[in-house]
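Undergrad: Residue numbers (the working numbering): 275 to 339. To start, I am sharing the structure in question, which I have written as structure tokens.
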Amino acid sequence: MCRNIKKLYNIDTPASEEEIRAAALQFVRKISGFTNPSHVNKQAFDRAVNEVAQVSSTLLRSLVH
């Protein structure tokens, strides 16, 4: 597991959409083993990043302060 994971849930300054997308990209890269997917895998890779970002945003909005 990565040792430099940054916590995004912070009551004072909520995570921006850019931070959430960057975290989603990092996760998908880690889980897939691809830093830059091939042309044939790019659509699936990008879809996964979008879905992880969306679910992460939903989670962060749902947390009780």
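Don't be surprised by glycine CBs; every beta carbon is placed ideally from N, CA and C. As the structure is a prediction and not an experimental result, all values here were calculated from the model.
Considering only the beta carbon of each residue, do Ile-305 and Ser-331 sit closer than 8 angstroms?
TA: For the purposes of this step, residue 305 is taken as residue 31 along the sequence shown, with counting starting at 1. For the purposes of this step, residue 331 is taken as residue 57 along the sequence shown, with counting starting at 1. The answer is no: Cβ separation not under 8 angstroms.
Undergrad: State the Cα-Cα distance for the pair Met-275 and Ala-322, rounded to the nearest angstrom.
TA: Mapped onto the sequence shown, residue 275 falls at position 1. Mapped onto the sequence shown, residue 322 falls at position 48. Note that Met-275 has pLDDT 49, beneath the 50 cutoff, so the model's placement of it is unreliable and the number below is only indicative. One C-alpha to the other measures close to 19 angstroms.
Undergrad: Using the rule of at least 16 other Cβ atoms within 10 Å of the residue's Cβ for burial, across every protein chain shown, is Ala-318 buried or exposed?
TA: The residue labelled residue 318 in the question sits at position 44 within the sequence shown. Classification of Ala-318: exposed, given that the 10 Å Cβ count is below 16.
Undergrad: Using DSSP with H/G/I as helix, E/B as strand and the rest coil, what is Ala-289?
TA: Translated into the one-based positions of the sequence shown, residue 289 becomes position 15. Coil.
Undergrad: Helix, strand or coil, according to DSSP, for Asn-309 in the structure here?
TA: For the purposes of this step, residue 309 is identified with residue 35 of the sequence shown, where counting begins at 1. The question names Asn, but residue 309 is Thr in the sequence shown. Correct three-state label for Thr-309: coil.
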